[in-house]
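*Asks:* So this note's numbering is basically just the index in the sequence shown, starting at one, shifted up by 17.
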Amino acid sequence: MDQLEGRVAVVTGAASGIGLALSGRFLAEGMSVVMADVEQPVLEARAAELAEAHPGKVLAVHTDVADAAQVRGLKEAANEAFGTVHVLCNNAGVAAGRATWKTRPEVWDWEVGVNLLGVGYGVNTFVPDMVAAGEGHVVNTASEAGLHAAFGLGVYHATKYGVVGLTEALAGELRGTGVGVTCVCPELVDTLVFESTRNAPAHLGLPAPAHIPMSDLEAMMGTTAMPPAEVAELIVAAIVEGTFWVTTHDATAPRVHARNASLEAAIDPTPGGAS
Ligand SMILES: NC(=O)c1ccc[n+]([C@@H]2O[C@H](COP(=O)([O-])OP(=O)(O)OC[C@H]3O[C@@H](n4cnc5c(N)ncnc54)[C@H](O)[C@@H]3O)[C@@H](O)[C@H]2O)c1
Numbered sequence: 018m019d020q021l022e023g024r025v026a027v028v029t030g031a032a033s034g035i036g037l038a039l040s041g042r043f044l045a046e047g048m049s050v051v052m053a054d055v056e057q058p059v060l061e062a063r064a065a066e067l068a069e070a071h072p073g074k075v076l077a078v079h080t081d082v083a084d085a086a087q088v089r090g091l092k093e094a095a096n097e098a099f100g101t102v103h104v105l106c107n108n109a110g111v112a113a114g115r116a117t118w119k120t121r122p123e124v125w126d127w128e129v130g131v132n133l134l135g136v137g138y139g140v141n142t143f144v145p146d147m148v149a150a151g152e153g154h155v156v157n158t159a160s161e162a163g164l165h166a167a168f169g170l171g172v173y174h175a176t177k178y179g180v181v182g183l184t185e186a187l188a189g190e191l192r193g194t195g196v197g198v199t200c201v202c203p204e205l206v207d208t209l210v211f212e213s214t215r216n217a218p219a220h221l222g223l224p225a226p227a228h229i230p231m232s233d234l235e236a237m238m239g240t241t242a243m244p245p246a247e248v249a250e251l252i253v254a255a256i257v258e259g260t261f262w263v264t265t266h267d268a269t270a271p272r273v274h275a276r277n278a279s280l281e282a283a284i285d286p287t288p289g290g291a292s
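1) Less than 8 Å between the beta carbons of Thr-241 and Val-201, yes or no?
2) Report whether the distance from the Cβ of Asp-81 to the nearest heavy atom of ligand 1 is below 7 Å.
3) Using DSSP with H/G/I as helix, E/B as strand and the rest coil, what is Ala-197?
4) Output needed for Thr-269: all residues of its chain with C-beta closer than 8 Å, excluding positions within five of it in sequence on either side, in chain order.
5) What residue range is occupied by the uninterrupted beta strand (DSSP E) comprising Ala-31?
6) Do you know whose CA, among Tyr-178, Gly-47, Val-102, Gly-36, lies nearest Ala-70's CA?
7) For Arg-215, collect the residues of the same chain with a Cβ closer than 8 Å to its Cβ; drop the 5 residues on either side in sequence, then sort them by chain order.
8) Checking 8 Å against the spacing of the C-beta atoms, do Ala-53 and Leu-21 come in under that value?
9) Quick one: complete beta strand (DSSP E) runs, 3+ long, within the stretch 102-162?
10) Just to confirm, is the Cβ distance from Val-88 to Gly-110 under 8 Å?
11) So Pro-244 and Gly-34 are in contact, right, with Cβ under 8 Å, and what is the actual spacing, rounded?
12) Check this for me: beta carbons of Asn-107 and Thr-176, under 8 Å apart or not?
13) From what residue to what residue does the beta strand (DSSP E) around Ala-77 run?
14) DSSP has Val-25 in a bridge; who is on the other side?
15) Under three-state DSSP, which class holds Met-243?
16) Going straight from the alpha carbon of Val-140 to that of Ala-26, what length do you get?
17) Which of the three DSSP states is assigned to Asp-54 in this structure?
18) How far does the alpha helix (DSSP H) with Val-88 in it reach, from first residue to last?
19) Hey, could you find the ends of the alpha helix (DSSP H) Thr-176 is sitting in?
20) Would you kindly check if the distance between the Cβ of Gly-114 and the Cβ of Gly-169 is under 8 Å?
21) Would you kindly report the start and end of the unbroken alpha helix (DSSP H) that includes Thr-265?
22) How is the alpha helix (DSSP H) around Ala-236 delimited, first residue to last?
23) So is Asp-285 buried or exposed if we call it buried at 16+ other beta carbons inside 10 Å?
24) Only counting the same chain, and skipping five residues up and downstream in sequence, which positions put a Cβ closer than 6 Å to that of Glu-123?
25) Could you tell me whether any non-hydrogen atom of ligand 1 is closer than 7 Å to the CB of Pro-245?
26) Thinking C-alpha only, which one of Leu-280, Trp-262, Pro-271, Ala-64 is nearest Met-155?
27) In three-state terms, what does DSSP make of Val-206?
28) For Met-231 and Gly-189, what's the separation of their Cα atoms in angstroms?
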């Protein structure tokens, strides 16, 4: 999609972080943007702010991406407001850090529902129109956590590995249709993703998130967080140039290489693990 002006984008998880930055960036490109999020008051506030500079170009639709019927409702609202959708960003995601074996089934359901099923429902709902039109672009946000695993975020890794596999398959399925596909695998980005339990369904009984300053997270992870606007910039370039992979940090490729090397050499990837 080398021409974004006048086109229509749907962004899930648009009330915060990368999704909010993408929405602003698409508007600056002259697109109309449908902002979808489960956190309704924040969504409406952010959409109203963006609409001030771009009147008539912003629609906010309260959507839980883990609910296929709500994703269908999102598409209907987008079509009614702006017509055919050209760019779909399956960006909504949550991270709840507990060891995999300590994660309750209901929490598995929540995280898999948002991070993996939400992407699948988005693809299933929006791609048929793109294929029929012979043009469009799907951006699925996975994570560096979908390319190799650390410890303590097992459910998150499971969902993000799933998004990477889904997106690689989708790109092959759509080859020759005119619909492009991008898989976004960020390392640390300065957002509220580590406070994801703010949006957890109440019945899960998860504690309210503690705010950890980004500088502390950077120190813990030995990295520098990328501003979300820079991620949005990379994603827009990928859409225009038709690039599949988007990563944010130079450290990602060597880590993936080390993980793949452990597989090729049949070496246990866990530190201190037996070969
Ligand atoms: N921030 C990072 O370091 C980082 C790194 C790798 C990948 N990611 C991924 O980037 C994506 C965007 O996250 P972010 O970092 O901007 O975090 P964020 O928490 O700032 O934004 C995520 C948005 O998703 C929304 N959301 C949560 N559950 C939803 C649901 N069921 N339906 C619709 N919307 C829902 C939230 O309300 C929030 O507005 C996520 O998929 C995340 O996993 C983030």
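We put the beta carbon where it would ideally sit given N, CA and C, even for glycine.
*Replies:* Well, looking at it:
1) No. Outside cutoff.
2) Yes, ligand 1 has a heavy atom inside 7 Å of this Cβ.
3) Per the sequence presented here, residue 197 reads as Gly, with Ala not at that position. Strand.
4) Excluding residues within five positions, the ones whose Cβ falls inside 8 Å are Glu-161, Leu-164, Cys-202, Glu-204.
5) Segment: none, Ala-31 is in no beta strand (DSSP E) and carries neither H nor E.
6) Cα-wise, what sits closest to Ala-70 is Gly-47.
7) By the criterion of a C-beta distance shorter than 8 Å, Arg-215 is surrounded in its chain by Glu-56, Leu-209, Ala-225, Pro-226, once the five residues flanking it on both sides are discounted.
8) In terms of Cβ geometry, Ala-53 and Leu-21 do not form a close pair [threshold 8 Å].
9) The stretch 102-162 contains, as complete beta strand (DSSP E) runs of 3+ residues, the segments 104-107, 153-158 (chain order).
10) Contact flag unset, no.
11) Under the criterion of beta carbons closer than 8 Å, Pro-244 and Gly-34 do not qualify as touching, at roughly 10 Å.
12) No, these two residues do not count as a Cβ contact at 8 Å.
13) That run of the beta strand (DSSP E) goes 75-79.
14) According to DSSP, which records beta bridges pairwise, Val-25 is partnered with Ser-49.
15) Strand, per DSSP.
16) Approximately 14 Å between the Cα atoms of the pair.
17) Of the three classes helix, strand and coil, the one that applies to Asp-54 here is strand, per DSSP.
18) Where Val-88 is concerned, the enclosing alpha helix (DSSP H) stretches over 85-99.
19) That run of the alpha helix (DSSP H) goes 171-191.
20) A distance below 8 Å separates the beta carbons of Gly-169 and Gly-114.
21) First-last for Thr-265: undefined, no H or E at that position.
22) Unbroken alpha helix (DSSP H) run through Ala-236: 231-238.
23) Asp-285 is exposed by the Cβ-count criterion.
24) So the qualifying residues of the chain are Leu-221.
25) In this structure, Pro-245 has its CB closer than 7 Å to one or more heavy atoms of ligand 1.
26) It is Val, not Met, that sits at residue 155 in the sequence shown. The candidate whose alpha carbon is nearest that of Val-155 is Trp-262.
27) For Val-206, the secondary structure class from DSSP, reduced to helix, strand or coil, is strand.
28) Each residue's alpha carbon lies about 37 Å from the other.
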